[in-house]
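Quick note on numbering: the numbering used here labels position 160 of the sequence shown as 168, and the sequence is numbered without any gaps.
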Amino acid sequence: MVPGTDPAKDLTEAARRFFVSHAADFGLDGTRIAVRYVLNPGGFVNTSLQVRDGRRGLHVKLATTADGQAALRRWHELDAMLQTYRAPPILDWVDVGAAGGLVFPLLDGAPPAPSSEVIASVLDQVRHLWADAELATRLSGGTAVTAADCYSRTYHDRFCADLAAIDRERPRFLSAGDLSYMREEVADLERRVRESPAFDEEVTSPTHGDLWLNNVLWQRSRSWWLLDWDDLQVGDPAMDLAMLAGPTSTDVRPLKHPTQTFGALEGEAAKRLHLLGRASLLDWVIDPLADWIEAGAAAVHEAAVRAEKERIHRDAISLYRELYRR
9 MVPGTDPAKD LTEAARRFFV SHAADFGLDG TRIAVRYVLN PGGFVNTSLQ VRDGRRGLHV
69 KLATTADGQA ALRRWHELDA MLQTYRAPPI LDWVDVGAAG GLVFPLLDGA PPAPSSEVIA
129 SVLDQVRHLW ADAELATRLS GGTAVTAADC YSRTYHDRFC ADLAAIDRER PRFLSAGDLS
189 YMREEVADLE RRVRESPAFD EEVTSPTHGD LWLNNVLWQR SRSWWLLDWD DLQVGDPAMD
249 LAMLAGPTST DVRPLKHPTQ TFGALEGEAA KRLHLLGRAS LLDWVIDPLA DWIEAGAAAV
309 HEAAVRAEKE RIHRDAISLY RELYRR
C-alpha cells in the first residue's frame, strides 16, 4: 500500500459515485445514497460494502485482483445452482473502477455462535452439495485431485505465503522463536499429510472451501444463508467439515469429535479429520498475523483490527501448543 493512501476508503467513494449514477438500475434513490465499508473479520482479500438509500439496501462484494474477480464470476455463473444450498441471490455484476464483483440484496442475520443446531443445519445442506454430480462436472478441470492436493492448495501453500509475509514484516509482539515454531509445525503437518494413506484418496465432491461459521448469516434454523462461495471447488468434504467444526473468532477451541457428533463422514475421509482439524487451528495461529500486517488496507479500522488479530493469534497458539505437544 502506498503511504498516505486508504484503498478501502477510495473504493468506497468510487462505489458511491457508481451507485449514484446507476441508482435506477437497482431501484435506489440516487439523491440519498450512502455507502459504508463493511469490515470482514476473515481478512482483506475482497472488499465488502453496504449501499443504502434510507429505504432499500444492497450488499456489494468487490475484488481488485484477476484471481479474485475470476472466483466471483464463477459464483455468478453458478448462482442458480448455488441458491439450492442457501447461497444468497445475486442481483448483478458490477465494475467499479479497477474492481469488479457482485451485488446482493441486503439480508438480515448475524454469524451464529457454535451449536449443534447450527452445525446440523449447515451440514444438512452441504451433504447435498458434496453429492452434486452436475455441479462437480461444471467445476472439474479434468485433472484428478487427491485429498493431499486439496490440503496443499488450501493450507500448506497459504501457510508458506503467510509466513514469508510475516518474516518480511514481523508484528512487534511475535518472537523469532514463535515464528520458527510455526514454520516447524507447517513442515510437520505437510509431512504427516504426505505420509498418510488417507490423503491419497481422489476427491470428486463440490466443496464450499471456506465453511467457517462467520460465513453463515443466521436468523433461525429455517432462515439462514451460506455466504462467500468464491472458494467453491472440487475438493475434500473432510476439509469443509473440519472448518465448520473448527475455531471461530470468539472461541478458538474446536468442537469435539465432529464425526461422532454429526456422523457426516466415513471411510478415508473420516480418517483425515484429525490432521485437518489440526491444520484448521494452525490456520488461526498464522492467518491473523497476515491480517495484522494487511490491516493498513482499512486505515480507519487499523488499530482495532490489529488488537483483535493479536488476541486471536495468542489464544490460538496457546491452544495449539496445549493440544499438539510433540
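Backbone N, C-alpha and C define an ideal beta-carbon position, used for all residues, glycine too.
- The beta-carbon separation of Asp295 and Asp170, rounded to 6 angstroms, stays under the 8 angstroms limit for a contact.
- DSSP places Pro113 in the strand class (E or B) of the three-state scheme.
- If the five residues before and after Val201 are omitted, its C-beta is found closer than 7 angstroms to the C-beta atoms of Ala156, Tyr159, Phe207 and Leu283, all from its own chain and listed in chain order.
- For Trp138, the uninterrupted alpha helix (DSSP H) segment begins and ends at Ser124 to Trp138.
- As DSSP reads the structure, Gly108 sits in a beta bridge with Ala71 and Asp103.
- Where Ala42 is concerned, the enclosing beta strand (DSSP E) starts and stops at Ala42 to Val46.
- Secondary structure at Val28: helix, using DSSP grouped into helix, strand and coil.
- One thing to note: Val308 has its Cβ no nearer than 9 angstroms to the Cβ of Lys69.
- Residue pairing by DSSP puts Pro214 in a beta bridge opposite Val242.
- The Cβ atoms of Ala173 and Ala298 lie closer than 9 angstroms to each other.
- Boundaries of the beta strand (DSSP E) around Ser231: Ser231 to Leu234.
- DSSP places Ser188 inside the alpha helix (DSSP H), whose first and last residues are Ala184 to Glu203.
- Straight-line measurement puts the Cα of Leu86 at about 10 angstroms from the Cα of Trp237.
- Burial is judged here by how many other beta carbons sit within 10 angstroms of a residue's own beta carbon; Arg314 has at least 16 and is buried.
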